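Asks: Counted the way the numbering used here counts, the sequence shown spans residues 2 to 586.
Note that CB positions come from ideal geometry on N, CA and C, so glycine has one too.
Source: prediction; values computed, not measured.
The structure under discussion is supplied below as structure tokens; questions concerning it will follow.
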Amino acid sequence: MIRYEDLLLDPIGQIERLRSICELPEPDQSKVPSFESLKKGNAAYGARKTWGYSEEESTELAEKAFREGKTGAWKTDLPDELHDLFWTYHGITMEKLGYTRDGNITEPEPELDHLYRKKLGIPPGERNTPPYKLLIEANKMATRDNDGVKRYLATLLNGMAPLVTSTNSKWNIDLLINKEIIPLSDFIQHLEEGFEHSGSSDKEQRSGPRKKSLFEKLESFMQSLVPDRWIKWLTDHNIMVFHKIYDFLKRSALTVIYWLRWLILLIPKAVYNAYMHHRHRQEQRAISDSIAHYDLIHVPLQQHYWPFRYARVPMVFTIHDFTHKLFPKFHTGINIKNADKGLKMIQKKQSHVIAVSESSLRDSKKHLSLPEGNFHLAYEAVEEDKFRFQVNKEDSGKVRDKYGIRKDMPFILLLGTIEPRKNVLNSINAFLELHKRHKDLNLSLVIAGKQGWKMKKFVGYSKLITFTGFIDDSDLSALYSEAMALSYVSYYEGFGLPLLEAMRCGTPVIYGNNSSMPEVGGDGGLPADPANIEEICDCYEKLMFDESFRTELGQKAMKASLKFSTRKSVMDTLKIYENIISQSK
């Protein structure tokens, strides 16, 4: 590779690099043209001279089209919005070559860009110390779910992949997956295969209709003993005598079974618990022995603290959010218990914490008593090659067809697990309120995610509301690009990855005016009170009826998304690792 700027600075030196791959004559310095002669001289080609243009026409074209040849001159050649679009597609490669978004040139990063440095003829950096030994807990990579924590971990590991191929890297990285230590180098192939999955397992798809329970069979048997005309009369008059008998028998039987089971299993359960406790302690001590040689352990989710209870190695935990404390009713009891135990362990061991947003950093400092130097910030990011504006409308149309999304009207997209914290119900009600304000409004709502939480009452709006179910990762960019806006008015987020995904596609976002969402959305969207349906509706209305504002907001969204990148996230995280290791020695 030869950068244009390097060629201008040292034309002989850069061309000499080609001698290793092809035969070259000895250079004649006197024949090297100056930039001025190239700009003002009379070249034998160019300016469409070979197209039959007259000398006057060629000269006029050359004066009009010739670049200034000054640092930063490209800013006047490429409109800002096109430059942002270009950067969402090629920013990763540009940064690896040493180019920055503002037009400056830097030297490629020695660790992450070692292959590009080699191609550019830049010598590798010297390392005089042994590599740091890092262990990352990565059980999430063995699960079928594709939640935010797994996406965070996958993006981080994917960003660290170049370290594996560096012969002079300062990092030696292993993963702990299901009690097995795996070198990151062995995991890269699996990482490249991606983490898309169907909404249900093969077993679930093959299971067929749900079988009746014992008590449901009893109810059916009781009904079979009574003539059908009696059943019809009882049902017509809403007399559910069989249901009541069934419920009474069920409650009574379950109570008896519970206590019998408790008495029968009391001693075996106590013995089993004692055995498992002993076994777990042995496993933990065995793990502690096997990881004692590491310089640092990174646990990307505090609930996964368990294998490291007896570890005597410095540790850093990623804190994504505190929803288990702020919104406990949206979590299972076991998840709350594990999250709290993880925080207690962080507190006890005085471990380090990586927060994924300023909001999470503030919450971490509020709930944890640690030295100020133990708190760190490294923003999350998305995999850039998966999320960018899709220009091809034909491909986007196929995605619409795939999920049954109407093509005859624009749509607002709701993305995320359909649960109370995500506030989907208020977003739907705001959409319906907009249709009440404007009769015959040509706007639909697309909800991507698993149904649940009282969604049945919206079935009657099937002409306006589409439930797509699970969306493949490969289709998300097309949906974001097609959407008029993404509505993500959540009550709380640790970061809000869907916001960033949509913004990279140039899609305006409507977000909750709380927690981390203003950090991510910024001026690329409209904030709204999650509890205020009218306010959410006002945001929908403004975007729907002000096209120029919507276009401007989409451009701002894309620009705002560029301050987050996998590269920056990985570099910040590696710097945090290095600082922690340095402090501990």
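In the DSSP assignment, what are the bridge partners of ILE137?
Replies: Numbered from its first residue, the sequence shown carries residue 137 at position 136. LEU176 and HIS299.
Asks: With DSSP collapsed to three states, give me the class of VAL354.
Replies: By 1-based counting over the sequence shown, the position of residue 354 is 353. Looking at VAL354 - three-state DSSP - the assignment turns out to be strand.
Asks: Are PHE188 and ALA382 closer than 8 Å when you measure CB to CB?
Replies: Counting from 1 along the sequence shown, the entry for residue 188 is found at position 187. Counting from 1 along the sequence shown, the entry for residue 382 is found at position 381. No, they are not a contact pair.
Asks: Would you decide whether ILE1 is buried or exposed? Buried here means 16 or more other CB atoms lie within 10 Å of its CB.
Replies: Here the chain comprises residues numbered 2 to 586, so residue 1 is not present and cannot be evaluated.
Asks: Quick one: what's MET346 bridged to in DSSP?
Replies: Locating residue 346 in the sequence shown gives position 345, where the first residue counts as 1. In DSSP, MET346 forms no bridge with anything.
Asks: Using the three-state DSSP reduction, which class does VAL392 fall into: helix, strand or coil?
Replies: The residue given as residue 392 occupies position 391 in the sequence shown. Three-state result, VAL392: coil.
Asks: Use the C-beta contact count for PHE87: other C-beta atoms within 10 angstroms, 16 or more gives buried, fewer gives exposed.
Replies: One-based indexing of the sequence shown puts residue 87 at position 86. By the neighbour-count rule (16 or more Cβ atoms within 10 Å), PHE87 is not buried but exposed.
Asks: Within 10 angstroms of the Cβ of HIS510, are there 16 or more other Cβ atoms? Answer buried if so, exposed if not.
Replies: The residue given as residue 510 occupies position 509 in the sequence shown. In the sequence as presented, His is not what sits at residue 510; that position holds Val. Flag for VAL510 reads buried.
Asks: How long is the line joining the alpha carbons of HIS84 and ILE174, rounded to whole angstroms?
Replies: Your numbering for residue 84 matches position 83 in the sequence shown. Your numbering for residue 174 matches position 173 in the sequence shown. Distance between the alpha carbons of HIS84 and ILE174 is about 36 Å.
Asks: Assuming PRO132 and SER170 form a contact by the criterion Cβ under 8 Å, report the distance between their Cβ atoms to the nearest whole angstrom.
Replies: In the sequence shown, counting from the first residue as 1, residue 132 sits at position 131. In the sequence shown, counting from the first residue as 1, residue 170 sits at position 169. Rounded, the Cβ-Cβ distance is 6 Å, consistent with contact.
Asks: Is TYR493 buried or exposed, if buried means 16 or more other CB atoms sit within 10 Å of its CB?
Replies: By one-based count along the sequence shown, residue 493 stands at place 492. It is buried - the Cβ of TYR493 has at least 16 other Cβ atoms within 10 Å.
Asks: Taking DSSP as the reference, what is the three-state secondary structure of PRO210?
Replies: As a working mapping, residue 210 is identified with position 209 in the sequence shown. For PRO210, the pLDDT reaches just 43, beneath the cut-off of 50, and the residue's location in the model is therefore unreliable, leaving the point undetermined.
Asks: Report the option in THR324, GLU108, ILE355 and ILE137 whose CA atom is closest to the CA atom of PRO125.
Replies: Counting from 1 along the sequence shown, the entry for residue 125 is found at position 124. The option with the nearest alpha carbon to PRO125 is GLU108.
Asks: Given a cut-off of 8 Å on the beta-carbon distance, is the pair LEU176 and ASP296 in contact?
Replies: Numbered from its first residue, the sequence shown carries residue 176 at position 175. Numbered from its first residue, the sequence shown carries residue 296 at position 295. No, these two residues do not count as a Cβ contact at 8 Å.
Asks: Using alpha carbons as the reference points, say which of VAL314, GLU359 and GLU434 lies closest to LYS350.
Replies: Taking the first residue of the sequence shown as position 1, residue 350 is located at position 349. Measuring from the Cα of LYS350, the nearest candidate turns out to be VAL314.
Asks: For PHE196, collect the residues of the same chain with a Cβ closer than 7 Å to its Cβ; drop the 5 residues on either side in sequence, then sort them by chain order.
Replies: Start at 1 with the first residue of the sequence shown, and residue 196 comes out as number 195. Legend: pLDDT at PHE196 = 47, less than 50; position of this residue unreliable, no value from coordinates given.
Asks: Tell me, which residues are paired with ALA449 by DSSP?
Replies: Locating residue 449 in the sequence shown gives position 448, where the first residue counts as 1. ALA449 is bridged to LEU416 and GLY470.
Asks: For MET91, name the three-state secondary structure that DSSP assigns.
Replies: Translated into positions along the sequence shown, residue 91 becomes position 90. Going by the sequence as given, residue 91 is His instead of Met. Helix.
Asks: Quick check on GLY104: buried or exposed, where buried means 16 or more other Cβ atoms within 10 Å of its Cβ?
Replies: For this step, residue 104 is matched to residue 103 along the sequence shown. Counting Cβ neighbours within 10 Å, GLY104 comes out exposed, since fewer than 16 surround it.
Asks: Start and end of the beta strand (DSSP E) containing GLY526?
Replies: In the sequence shown, counting from the first residue as 1, residue 526 sits at position 525. 526-529 is the span of the beta strand (DSSP E), which, as asked, contains GLY526.
Asks: Apply the 10 Å Cβ neighbour rule to GLY555 and answer buried if 16 or more other Cβ atoms are within range, or exposed otherwise.
Replies: Stepping through the sequence shown from its first residue, residue 555 is reached at position 554. Classification for GLY555: buried.
Asks: Measure from the alpha carbon of LEU10 to the alpha carbon of each residue in PRO26, PHE412, MET518 and PHE36, then state which is nearest.
Replies: Here the question's residue 10 lines up with position 9 in the sequence shown. Nearest option by C-alpha distance: PHE36.
Asks: Figure out for me which residue from ALA479, ASN424 and THR77 has the closest Cα to the Cα of GLU395.
Replies: The residue labelled residue 395 in the question sits at position 394 within the sequence shown. The shortest C-alpha separation from GLU395 is found at ALA479.
Asks: What residue range is occupied by the uninterrupted beta strand (DSSP E) comprising LEU19?
Replies: One-based indexing of the sequence shown puts residue 19 at position 18. Per DSSP, LEU19 belongs to no beta strand (DSSP E) and is neither H nor E.
Asks: DSSP three-state label for ILE182, please.
Replies: As a working note, residue 182 is residue 181 in the sequence shown. Of the three classes helix, strand and coil, the one that applies to ILE182 here is strand, per DSSP.
Asks: Which runs of the alpha helix (DSSP H) fall wholly inside the segment 425-449 and span at least 4 residues, in chain order?
Replies: Runs found: 425-438.
Asks: Between the alpha carbons of ASN43 and ARG118, how many angstroms are there, rounded?
Replies: Sequence index remark: in the sequence shown, residue 43 carries index 42 (1-based). Sequence index remark: in the sequence shown, residue 118 carries index 117 (1-based). Each residue's Cα considered, the two are about 36 Å apart.
Asks: From this set, ARG407, SER482, LEU302 and GLY405, which residue's C-alpha is nearest LYS387's C-alpha?
Replies: Within the sequence shown, residue 387 is the residue found at index 386, counting from 1. The shortest C-alpha separation from LYS387 is found at SER482.
Asks: Rounded to a whole number of angstroms, what is the C-alpha to C-alpha distance between ARG49 and GLN30?
Replies: Translated into positions along the sequence shown, residue 49 becomes position 48. Translated into positions along the sequence shown, residue 30 becomes position 29. C-alpha separation (whole angstroms): 29 Å.
Asks: In this structure, does DSSP put MET316 in helix, strand or coil?
Replies: What you label residue 316 is simply residue 315 of the sequence shown in a count that begins at 1. Note: MET316 maps to strand in three-state DSSP.
Asks: Based on the DSSP output, what are the partners of ALA486 in its beta bridges?
Replies: Start at 1 with the first residue of the sequence shown, and residue 486 comes out as number 485. Paired residue(s): ILE413.
Asks: For GLU359, collect the residues of the same chain with a Cβ closer than 6 Å to its Cβ; drop the 5 residues on either side in sequence, then sort them by chain order.
Replies: Indexing the sequence shown from 1 puts residue 359 at position 358. Taken in chain order, the residues that qualify are GLU520.
Asks: Determine the closest residue to TYR311 out of VAL317, LEU302 and SER289, with distance taken between C-alpha atoms.
Replies: Within the sequence shown, the letter at position 310 stands for residue 311. Here the closest residue by C-alpha is SER289.
Asks: ILE581 to ALA431, Cα distance in whole Å?
Replies: Locating residue 581 in the sequence shown gives position 580, counting from the first residue. Locating residue 431 in the sequence shown gives position 430, counting from the first residue. So the two alpha carbons sit approximately 47 Å from each other.
Asks: Using only CA atoms, which one of THR130, GLU535 and LYS557 lies nearest to ASP81?
Replies: Position 80 of the sequence shown, counted from the start, is the residue given in the question as residue 81. Checked all of THR130, GLU535 and LYS557; the closest Cα to ASP81 is LYS557.
Asks: Cβ of ASN514 versus every heavy atom of the ligand NAP: is any distance shorter than 7 Å?
Replies: This structure simply doesn't include the ligand NAP, nor any ligand for that matter.
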